[in-house]
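Numbering (the working numbering), first residue to last: 12 to 587.
Note that beta-carbon positions come from the ideal geometry of N, C-alpha and C, so glycine has one too.
What follows is a single structure, written as structure tokens, with notes after it.
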Ligand code: ARG
């Protein structure tokens, strides 16, 4: 509860009374969980030494000298705590006016002004369809992207897709053999089939591996035919990826895939060599990391082919110069932890401080309910390892639920559109409401429920509020009588609404979208309790003054839910 004039005024009065710096007071002033302890509470333990009195005496003394004002209604000493009770009417008014006036901008700040953050996310390998695991990187990355935008950072979303490496030797070799039998407008699935067939046969036939290596070298050296086919693989794949990104409403500022760094690796390799960090080991050029309990970071193979790590090093160099980032984030699964540790260590050994600005934002697996336990793919209804299949399944199940509840639900658009939006919300919220490093556990019935801690539940709460506002008829205004929003629950809701800016700040800086997800669930639950008591809290009634006051509250909650869902990359339909 730190971003309001109430907090600031309390701190300044306490600082005067204690003759301590405002910063010191701010550090210890808390918003206690138990409302009986007031809205703010000052634990006086750490003041004892400076003020030469025991904590309980300090609390009593401050309680006697603190002057209630426009912000504070009263204070009281409870043992070693000074408990402060806000002027509730003034607080609610302050919060609701602010949200009403700022609208979609509420929660934004300029904390990141002038600072740049690069986020490498999604970044799939081409010539393969997107898998469920890509959904995590894509949606966690997208949410972190949106949060930092809200904090005023200059954010650069980068899709560092994998379009380079020895596997393209395999791909080319396979295409040269069997490409003629492919459909003219082949897809990534066809490419995957080709790749798998070649890999299978290559296991029996060593010469095929040799042939594949040859093709990759040709590609690296710019051979025209190799380039032409490879380009086609790339285009087909990117088109497919873009279709899925469109579906998920995810966008990138840069599509610089691995091949982009093909001609940008020499400078960093030279730096590593001249720093004496690299050596030849088993014909490969490596940086030995034995002293740090890591396997060597391989930069070049015996045939001169570069590696994933080499291209990542070049990419850091490039991003550093191009964007002058304050932070460079990688939203990539936990299985690549070692890779990033190696990269950052090589930079550290180079004496380049840039590693301190680089973060590997890792995450766990997506598991599906299978019988008693959870498995990597959902076997109950077919194999669901592909991202598209998971989204299709979610939309299909959502449509089923809609059809069952047709009488209760209302739509502004087609049923299918709403089902798509609910299905995606279920999946995306399922991922983002789990703390990042834990495995995501999907039980279809659970994530699609309108009652549980789910995305559809939040969408439904939001749509119901929108409907109450529509029914109200006249325009929502903040020129209301705030005395009419005077009960415990209304004050409680105002306090929760006031939290959004801090929640965004914390979620962004911890790289944890689940902080927002859980905040929204708590807010929706508090509203649900409030609105269930319709005898006391009916919004639209004969009493116009009261209706206008309550509809403002509902409108502010709706607006915060919508904003919160947006930060998670989830749509909030007006009607459901
Ligand atoms: N293409 C890689 C994969 O699918 C992920 C790339 C992540 N980004 C990076 N700069 N290494 O596993």
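Between the C-alpha atoms of residue 48 and residue 492 there is a straight-line separation of about 28 angstroms. Taking C-alpha positions only, residue 429 is separated from residue 587 by approximately 7 angstroms. If you ignore the 5 residues before and after residue 548, its C-beta comes within less than 8 angstroms of the C-beta of 500, 541, 542, 561, all in its own chain and listed in chain order. Annotation for residue 270 indicates a beta carbon at 7 angstroms or more from all heavy atoms of the ligand ARG. Residue 354 and residue 320 have their C-alpha atoms some 7 angstroms from each other. Beyond the five residues adjoining it in sequence on each side, residue 335 comes within less than 7 angstroms, by CB distance, of 127 in the same chain, given in chain order.
At a Cβ-Cβ threshold of 8 angstroms, residue 95 and residue 86 count as neighbours. Within the same chain, and ignoring the five residues on either side of residue 289 in sequence, the residues whose Cβ sits closer than 6 angstroms to its Cβ are 283, 296, 298.
A direct Cα-Cα distance of roughly 19 angstroms separates residue 189 from residue 137.
In this structure, residue 383 lies away from residue 406, with their beta-carbon atoms at least 8 angstroms apart. With a cut-off of 7 angstroms, the C-beta of residue 140 is classified as distant from the ligand ARG, since no heavy atom of the ligand falls inside that distance.
Beta-carbon to beta-carbon, residue 93 and residue 62 are separated by about 12 angstroms, too far to satisfy the 8 angstroms threshold. If you check the CB distance, residue 479 and residue 416 do not come in under 8 angstroms.
Proximity of the beta carbon of residue 134 to the ligand ARG is indicated: a heavy atom of the ligand is located closer than 7 angstroms. For the pair of segments examined, the segment 260-279 was found not to touch the segment 213-226: the number of CB pairs separated by less than 8 angstroms stays below three. Residue 52 carries a strand assignment under DSSP once its states are collapsed to helix, strand and coil. At the C-beta level, residue 340 and residue 129 come within 8 angstroms of one another. Assignment of beta-bridge partners to residue 71 by DSSP yields no partner. Remark: C-beta atoms of residue 170 and residue 148 do not approach each other more closely than 8 angstroms. The segment 395-480 contains, as complete alpha helix (DSSP H) runs of 4+ residues, the segments 398-415, 426-443, 455-459 (chain order). Pairing residue 26 with residue 98, the inter-Cα distance amounts to about 20 angstroms. A residue is called buried once 16 or more other Cβ atoms fall within 10 Å of its Cβ, and residue 242, having fewer, is exposed. By the neighbour-count definition (other C-beta atoms within 10 Å, threshold 16), residue 131 is a buried residue. The beta carbons of residue 485 and residue 464 sit about 34 angstroms from each other, so the pair does not count as a contact at 8 angstroms. Restricting attention to 497, 252, 504, 349, the CA atom closest to the CA of residue 200 is found in 252.
In the structure shown, residue 240 adopts helical secondary structure according to DSSP, grouped into three states.
Here the distance from the Cβ of residue 373 to the nearest heavy atom of the ligand ARG is not below 7 angstroms. Ranked by Cα distance from residue 348, the options 579, 372, 385 are led by 372.
Sorting 245, 84, 162, 159 by C-alpha distance to the C-alpha of residue 139 places 245 at the top. For residue 343, the shortest separation between its Cβ and any heavy atom of the ligand ARG lies below 7 angstroms. When distances are taken from the beta-carbon of residue 131 to the heavy atoms of the ligand ARG, the shortest one is below 7 angstroms. A straight line joining the alpha-carbon of residue 67 with that of residue 567 spans about 40 angstroms. Of 361, 396, 293, 103, the smallest CA-CA separation from residue 287 is found for 361.
For residue 81, the shortest separation between its Cβ and any heavy atom of the ligand ARG does not lie below 7 angstroms. CA-to-CA, the gap between residue 309 and residue 325 works out to about 14 angstroms.
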